[in-house]
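Asks: Got a structure for you, questions after.
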Amino acid sequence: MIAAVVACFVIGYIVIVFEHPLRLDKTVPALLMGAICWALLSLGFNAGALDIVNTEGEVFSMFNSISGDAMEVGHAGAHEEAEEGFVGALLHHLGKTAEILIFLIGAMTIVEIVDLHRGFDILKGWVKTRSKRRLLWIVGGLGFILSAIIDNLTATIVLVTLLRKLVPDREQRIWYVALIVIAANAGGAWSPIGDVTTTMLWIGKRVSTAGLMEFLIVPSLICFVLPFAVASFMKPFQGEINMVELDEDDEEKGRLLSSKTMLFLGLGMIVFVPIFKTITHLPPYLGMMLSLGVVWLVSEYIHPEEDFTEERKVQYSAHKALSRIEMSSILFFLGILMAVAALETVVVNGVGALRAVAESLRAVIPSEDVVIIILGFLSAIIDNVPLVAASMGMYDLQNYPMDARLWHFIAYSAGTGGSMLIIGSAAGVAAMGMERIDFIWYFKKIAWLALIGFAAGAVAFIVIESMFNIGVTH
Numbered sequence: 001m002i003a004a005v006v007a008c009f010v011i012g013y014i015v016i017v018f019e020h021p022l023r024l025d026k027t028v029p030a031l032l033m034g035a036i037c038w039a040l041l042s043l044g045f046n047a048g049a050l051d052i053v054n055t056e057g058e059v060f061s062m063f064n065s066i067s068g069d070a071m072e073v074g075h076a077g078a079h080e081e082a083e084e085g086f087v088g089a090l091l092h093h094l095g096k097t098a099e100i101l102i103f104l105i106g107a108m109t110i111v112e113i114v115d116l117h118r119g120f121d122i123l124k125g126w127v128k129t130r131s132k133r134r135l136l137w138i139v140g141g142l143g144f145i146l147s148a149i150i151d152n153l154t155a156t157i158v159l160v161t162l163l164r165k166l167v168p169d170r171e172q173r174i175w176y177v178a179l180i181v182i183a184a185n186a187g188g189a190w191s192p193i194g195d196v197t198t199t200m201l202w203i204g205k206r207v208s209t210a211g212l213m214e215f216l217i218v219p220s221l222i223c224f225v226l227p228f229a230v231a232s233f234m235k236p237f238q239g240e241i242n243m244v245e246l247d248e249d250d251e252e253k254g255r256l257l258s259s260k261t262m263l264f265l266g267l268g269m270i271v272f273v274p275i276f277k278t279i280t281h282l283p284p285y286l287g288m289m290l291s292l293g294v295v296w297l298v299s300e301y302i303h304p305e306e307d308f309t310e311e312r313k314v315q316y317s318a319h320k321a322l323s324r325i326e327m328s329s330i331l332f333f334l335g336i337l338m339a340v341a342a343l344e345t346v347v348v349n350g351v352g353a354l355r356a357v358a359e360s361l362r363a364v365i366p367s368e369d370v371v372i373i374i375l376g377f378l379s380a381i382i383d384n385v386p387l388v389a390a391s392m393g394m395y396d397l398q399n400y401p402m403d404a405r406l407w408h409f410i411a412y413s414a415g416t417g418g419s420m421l422i423i424g425s426a427a428g429v430a431a432m433g434m435e436r437i438d439f440i441w442y443f444k445k446i447a448w449l450a451l452i453g454f455a456a457g458a459v460a461f462i463v464i465e466s467m468f469n470i471g472v473t474h
């Protein structure tokens, strides 16, 4: 039965990887995989064919519960305790997954409210240069900073939209877009709200906000700066660009009375979430709920237009913003995280399956740094969300407490390794879809730049850790 659970996960994962050739939304196999894995787990557990382990490390079996004093309360009592153990494990994983999903829904809704009020159009006025090289650094810097605030996916979408206004030639524009993917992924790696994977590690109490920023800002900067420094000497970024000239009327049409207010309010409330967590010690999703409530409240009463009527109000409402968020992505995370949780719960050699994999890896590859670098390369091929979820199950908090160097290196590798292929990150997939960037073109022209940035940042992390003994050494 354990083989059936693992086979279900592997098959589902393969279907997700080949979503483009199969023309199947990856949400479908993710949901099926999550549900079927737990169904197989339940059937096997109730039949006595497999055991499960909860988050405290207690092992439960339907016919021979060995958790605590179950054997002393009789056969019926042991069965009841085993059933409660299974349900408790399921609810625990569902609760942890729900924390991430609620956080993401709140953040995505705030960003959509800002976008409805054309808040991101304010950024267009900040770009005045005609130099190709200077424009590269401006949009790259914006990508690095914005991705740390509004996440790398949203930052990429915003900047691709901005570049469409500034660079009319698509052949020239895709070079900028491709480099933005590198900048956005690097910027998202050092922020708890910059990437889904860092958010997972943050909510899962593997990393702290201060820890991520302190330990990863330098490697992330190197991962961003080095590829851009090399690219700035390449032919596509030499000379001047024929930018689209916007007259004052066009600029006014692109903005609303509420644009600036909603931009700074939205970004400010997202940044407030880590502060709220630090002050109250409450889970981040509660801070995001508060932030969404404030932004929603202001959006209900602010007047975006001169002659604002109740009929126009719906065009800028949070209800419309909610209809624009990608629920398919939310459901994908639900399916994939619950599937990974099933592997974390099923017992192999006395421990969870993912923990058993970690122990096997340690036996084959003693260096954890090598394992995590391999994780970075894998994140370029397959989605980094399940990879990070799996690593959280492989390494426990007892041996690797919050802000251990392992977690910081995982955050860096999984966050930036995806830049090596266009399909390796959410930012890359978004750019690929918006500008129809060819996989082979990106692999030939950009992958090597992403590789040197990733490798240099990884070396910097290891060197800095060695010099200053950052984190916890195991």
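The sequence shown maps to residues 1 to 474 in UniProt numbering. The C-beta atom is built at its ideal place from N, Cα and C for all residues, glycine as well.
Taking the CB atoms as reference points, tell me whether L41 and A342 lie closer together than 7 angstroms.
Replies: Here residue 41 refers to the residue found at position 41 of the sequence shown. Here residue 342 refers to the residue found at position 342 of the sequence shown. Contact flag set, yes.
Asks: Nearest to L406 by CA position, among A427, M420, S367, is which residue?
Replies: Here the question's residue 406 lines up with position 406 in the sequence shown. It is S367.
Asks: Using alpha carbons as the reference points, say which of G106, V177, I110 lies closest to I138.
Replies: Counting from one through the sequence shown, the residue named residue 138 turns up at place 138. Of G106, V177, I110, the residue nearest in Cα terms is V177.
Asks: Is it buried or exposed for A321, if we count other Cβ within 10 angstroms and need 16 for buried?
Replies: Sequence index remark: in the sequence shown, residue 321 carries index 321 (1-based). When all chains shown are included, A321 counts as buried.
Asks: How many angstroms separate the CA atom of I182 from the CA atom of V127?
Replies: Counted from its first residue, the sequence shown places residue 182 at position 182. Counted from its first residue, the sequence shown places residue 127 at position 127. Each residue's Cα considered, the two are about 20 angstroms apart.
Asks: Among the residues of its own chain, which have a CB less than 6 angstroms from the CB of L267, if the five just before and after it don't count?
Replies: The residue you call residue 267 lines up with position 267 of the sequence shown. Within the same chain, L267 has close Cβ partners I149.
Asks: Do you know how far the Cα of E99 is from the Cα of E359?
Replies: Working through the sequence shown from its first residue, we reach residue 359 at position 359. Working through the sequence shown from its first residue, we reach residue 99 at position 99. The alpha-carbon atoms of E359 and E99 are separated by roughly 28 angstroms.
Asks: Report buried or exposed for R23, applying the criterion of at least 16 other Cβ atoms within 10 angstroms of its Cβ.
Replies: If you number the sequence shown from 1, residue 23 lands on position 23. The residue is exposed, with fewer than 16 neighbouring Cβ atoms inside 10 Å.
Asks: For E56, count neighbouring C-beta atoms within 10 Å of its own C-beta (all shown protein chains included) and say buried if the count is 16 or more, exposed if not.
Replies: Here residue 56 refers to the residue found at position 56 of the sequence shown. Result: exposed.
Asks: Evaluate A460 with the Cβ neighbour count: other Cβ atoms within 10 Å of its Cβ, from every protein chain shown; 16 or more gives buried, anything less gives exposed.
Replies: Locating residue 460 in the sequence shown gives position 460, counting from the first residue. Per the 10 Å Cβ criterion, buried.
Asks: Report, in whole angstroms, the separation of the C-beta atoms of A431 and T154, which I expect to be a contact under 8 angstroms.
Replies: As a working note, residue 431 is residue 431 in the sequence shown. As a working note, residue 154 is residue 154 in the sequence shown. About 12 angstroms; that fails the 8 angstroms criterion.
Asks: Report all residues from its chain with a CB closer than 7 angstroms to the CB of V314; omit the five preceding and five following residues, and keep chain order.
Replies: Here residue 314 refers to the residue found at position 314 of the sequence shown. For V314, where only same-chain residues beyond five positions count, the Cβ hits under 7 angstroms are K320.
Asks: Taking the CB atoms as reference points, tell me whether S147 and G194 lie closer together than 7 angstroms.
Replies: In the sequence shown, counting from the first residue as 1, residue 147 sits at position 147. In the sequence shown, counting from the first residue as 1, residue 194 sits at position 194. The answer is yes: Cβ separation under 7 angstroms.
Asks: How many angstroms separate the CA atom of S419 from the CA atom of V158?
Replies: What you label residue 419 is simply residue 419 of the sequence shown in a count that begins at 1. What you label residue 158 is simply residue 158 of the sequence shown in a count that begins at 1. So the two alpha carbons sit approximately 18 angstroms from each other.
Asks: What residue does the alpha helix (DSSP H) around I330 start on, and which one ends it?
Replies: Against the sequence shown, residue 330 aligns to sequence position 330. Residues 327-345.
Asks: Rounded C-beta distance between I423 and P227? I'm assuming under 8 angstroms.
Replies: Sequence index remark: in the sequence shown, residue 423 carries index 423 (1-based). Sequence index remark: in the sequence shown, residue 227 carries index 227 (1-based). Rounded, the Cβ-Cβ distance is 18 angstroms, inconsistent with contact.
Asks: Evaluate contact between the segment 222-238 and the segment 254-264, counting only Cβ atoms and requiring at least three cross-stretch pairs below 8 angstroms.
Replies: Touching, no.
Asks: I'd like the span of the alpha helix (DSSP H) that includes Q172, first residue to last.
Replies: The residue labelled residue 172 in the question sits at position 172 within the sequence shown. Run containing Q172: 170-189, per the alpha helix (DSSP H) assignment.
Asks: Report the three-state DSSP secondary structure of V53 (helix, strand or coil).
Replies: Here residue 53 is taken as the residue at index 53 of the sequence shown, counted from 1. If DSSP states are grouped into helix, strand and coil, V53 belongs with the strands.
Asks: Pick helix, strand or coil for V5, following the three-state DSSP scheme.
Replies: As a working note, residue 5 is residue 5 in the sequence shown. In the structure shown, V5 sits in a helix (DSSP, three-state: H, G or I).
Asks: Check for me: the alpha helix (DSSP H) holding I216 runs from which residue to which?
Replies: By one-based count along the sequence shown, residue 216 stands at place 216. Strictly speaking, residue 216 in this sequence is Leu, with Ile absent from that position. From DSSP, the alpha helix (DSSP H) with L216 extends over 209-231.
Asks: Please state if the CB of W190 and the CB of P236 are separated by a distance shorter than 7 angstroms.
Replies: As a first step, residue 236 is located in the sequence shown; it is residue number 236 there, counting from the start. As a first step, residue 190 is located in the sequence shown; it is residue number 190 there, counting from the start. No. Outside cutoff.
Asks: Hey, how far is the Cα of I122 from the Cα of E112?
Replies: Reading the sequence shown from its first residue, position 122 is the one you call residue 122. Reading the sequence shown from its first residue, position 112 is the one you call residue 112. Distance between the alpha carbons of I122 and E112: 15 angstroms.
Asks: Using C-beta distances below 6 angstroms, list every residue in its chain close to F224, excluding the 5 sequence neighbours before and after it, in chain order.
Replies: Looking up residue 224 in the sequence shown gives position 224. Taken in chain order, the residues that qualify are F144, A183, A186.
Asks: Just to confirm, is the Cβ distance from L387 to T27 under 7 angstroms?
Replies: Working through the sequence shown from its first residue, we reach residue 387 at position 387. Working through the sequence shown from its first residue, we reach residue 27 at position 27. No. Outside cutoff.
Asks: For Y400, which residues in the same chain have their Cβ closer than 6 angstroms to its Cβ, ignoring the five residues on either side in sequence?
Replies: In the sequence shown, residue 400 corresponds to position 400, counting from 1. The answer, listed in chain order, is L406.
Asks: Hey, how far is the Cα of A30 from the Cα of A339?
Replies: Here residue 30 refers to the residue found at position 30 when the sequence shown is read from its first residue. Here residue 339 refers to the residue found at position 339 when the sequence shown is read from its first residue. When rounded, the distance between both Cα atoms is 8 angstroms.
Asks: With DSSP collapsed to three states, give me the class of V127.
Replies: Taking the sequence shown and counting its residues from 1, the one referred to as residue 127 is at position 127. Reduced to three states, the DSSP call for V127 is coil.
Asks: Can you list, in chain order, the residues of its chain whose CB lies under 7 angstroms from that of T297, leaving out five sequence neighbours each side?
Replies: Working through the sequence shown from its first residue, we reach residue 297 at position 297. The question names Thr, yet the displayed sequence has Leu at residue 297. Taken in chain order, the list of residues that qualify is empty.
Asks: Once the 5 residues before and after T473 are set aside, which same chain residues still bring their CB inside 6 angstroms of it?
Replies: The residue labelled residue 473 in the question sits at position 473 within the sequence shown. Here the model assigns T473 a pLDDT of 43, short of 50, so the residue's position is not dependable, and the following value carries that caveat. Cβ within range, chain order: n/a, list empty.
Asks: In angstroms, rounded to a whole number, what distance separates the CA positions of P304 and D115?
Replies: The count along the sequence shown starts at 1 and reaches residue 304 at position 304. The count along the sequence shown starts at 1 and reaches residue 115 at position 115. Each residue's Cα considered, the two are about 12 angstroms apart.
Asks: Please state the DSSP three-state secondary structure of M71.
Replies: Within the sequence shown, residue 71 is the residue found at index 71, counting from 1. Confidence in M71 is poor, its pLDDT being 43 and thus under 50, which makes the residue's placement too unreliable to answer from.
Asks: Below 7 angstroms CB to CB, which residues in the same chain sit around V347 once its five sequence neighbours on both sides are set aside?
Replies: As a first step, residue 347 must be located in the sequence shown, where it is residue number 347. Closer than 7 angstroms at Cβ, skipping near neighbours: L50, D51, I52, V53, V59.
Asks: Which whole-angstrom value describes the C-beta separation of S299 and V273, a residue pair presumed to lie in contact below a C-beta threshold of 8 angstroms?
Replies: Working through the sequence shown from its first residue, we reach residue 299 at position 299. Working through the sequence shown from its first residue, we reach residue 273 at position 273. The pair is not a contact, with the Cβ atoms about 18 angstroms apart (cut-off 8 angstroms).
Asks: From W38, G48, E80, L104, pick the residue whose C-alpha is nearest to that of S328; which is it?
Replies: Walking along the sequence shown from the start, residue 328 turns up at place 328. That would be L104, whose Cα lies nearest to the Cα of S328.
Asks: If you draw a straight line from the C-alpha of L397 to the C-alpha of E214, how long is it?
Replies: Residue numbering aside, residue 397 sits at position 397 when the sequence shown is read from its first letter. Residue numbering aside, residue 214 sits at position 214 when the sequence shown is read from its first letter. One C-alpha to the other measures close to 20 angstroms.
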